[in-house]
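Here's the structure, in structure tokens; my notes come after.
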Amino acid sequence: MGSLKEIRNRITTVKSTRKITSAMSRIASAQLVKAQNAATSARPYGDRLEEVVRDLLNAIDADAALSPLLASKSEIKTVGLVVLTADRGLCGGFNANVNRATKKFVRDQEALGVKVEIVACGKKSHSYLRHEDIAVASKHPSPDLKTIVDVAKSVCTEVAAMFTESKDTGLPHVDSFFMIYNHFKNVLVQEVTTLPLLPFQPAEGEVSSLPPVFEPDPASLLDHLLPVALQSRVQQAMFNSVASEIASRRMAMDSATDNASELIGDLTLEYNRERQAAITKELMEIIGGAEALK
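Each residue of the sequence shown is one higher than the last, beginning at 1364 in our numbering.
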């Protein structure tokens, strides 16, 4: 049991911490509405773009030359992996879950004799991979709602260059590309997802009964739309990741605030007990002294 002064100081410290966590929770709550709306609004555009790419692929002759982004490699020797985490902590298991999935992905591929080249988005993924002695080919800052478009464009440029064997960037060549991120389902549930990026395969869906008419020819349109569709897919993943980070931070701060309140109650009870014991001791000493003088 600590002294009364030590307990008072600890109560003051916990109250200060509770103010911080409560403020962070309110900030995250305000940001979550905007992030959730952004993630939801981006889905219809991405889904429709995938439908257009699927219709274009169905309209192209089997013998036509296709974009390098569609080329499937007969033998997979190197796999690329984009990892999305945050630059900051205090968001529960948001970063740890992605990092654990990344480590498992790398170890599973290495067990098959496949090398993994990683593009890390976020300081938390880069520091974790460095600690685990896993090499990182390139790194980017964690995106937020204002920088998602720029970060997604930069990442897609690197991803396409590594997949199509571009010699200008100096980056390693890979035979396929994946992305690991937190998919936002709702405020309470964020699911770690492994998303295939390249070779580009549009999501499955119903084929239109009426064949669409394209102008100009489907091959030219496909060459133009494939990089756009790839960037849209990465942007949607980043929107989900940002919303998941904010939701995880709000839940973590709510939990921290509740724990601080509970700890303050326990410390206050302990303080009152110690104070009562001190008062009782002083009274007993006074009574004992008075009895001794009789």
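We treat Cβ as the ideally placed atom computed from N, Cα and C, and that holds for glycine.
Asked, Found
"Identity of the residues DSSP links to H1503 by a beta bridge", "C1484"
"Status (buried if at least 16 other CB within 10 Å, exposed otherwise) for S1379", "exposed"
"Nearest candidate by alpha-carbon position, reference V1396, set E1645, R1613, A1623 and A1500", "R1613"
"Reference A1401; option with closest CA among I1627, I1649 and N1603", "N1603"
"Beta carbon of E1637 nearer than 8 Å to that of I1390", "no"
"V1518 and T1441 closer than 8 Å at C-beta", "no"
"Cβ-based burial, Q1639 [other Cβ within 10 Å; buried from 16]", "exposed"
"Close Cβ partners of L1444 (< 8 Å) along its chain, the five nearest in sequence each way excluded", "T1465, F1468, V1469, V1479, E1480, I1481, V1482, F1540, F1541, M1542 and I1543"
"CA-to-CA distance, H1587 to M1525, given in whole angstroms", "19 Å"
"Q1564 beta carbon less than 8 Å from that of S1611", "no"
"Whether Q1599 touches R1406 by CB criterion (8 Å)", "yes"
"Beta carbon of E1625 nearer than 8 Å to that of F1457", "no"
"Straight-line gap, E1495 to C1454 (C-alpha atoms, nearest Å)", "21 Å"
"L1589 vs S1385 beta-carbon contact at 8 Å", "no"
"Option in D1410, P1581, V1461 and P1506 with minimal Cα separation from V1555", "V1461"
"Cutoff 7 Å; reference P1581; Cβ partners in own chain excluding five residues on either side", "L1419, A1422 and I1423"
"Buried or exposed (CB count within 10 angstroms, at least 16 for buried), K1509", "exposed"
"Extent of the continuous alpha helix (DSSP H) run through E1637", "P1581 to L1656"
"For A1615 and A1653, the rounded distance between their alpha carbons", "57 Å"
"Buried or exposed by the 16-neighbour rule on C-beta atoms within 10 Å, applied to N1545", "buried"
"Sheet register partners of V1555 (DSSP bridge)", "N1545"
"Chain D within 8 Å of I1609, Cβ atoms only", "The displayed structure is made up of one protein chain only, and chain D is not part of it."
"S1430, DSSP secondary structure in three states", "coil"
"Of the listed residues N1622, L1646 and V1597, nearest to E1413 (C-alpha basis)", "V1597"
"Own chain residues within Cβ distance below 7 Å of A1449, not counting five before or after", "F1457, N1458, G1485, K1487, S1505 and E1608"
"Residues that L1447 bridges to, as DSSP identifies them", "C1484"
"Backbone CA spacing between E1578 and V1550 [nearest angstrom]", "43 Å"
"Secondary structure of F1457, DSSP reduced to three states", "helix"
"Exposure of L1561, with buried meaning 16 or more beta-carbon neighbours within 10 Å", "buried"
"Test item: CB-CB of Q1594 and A1515 under 8 Å", "yes"
"Burial state of Y1491 (16 or more Cβ within 10 Å)", "buried"
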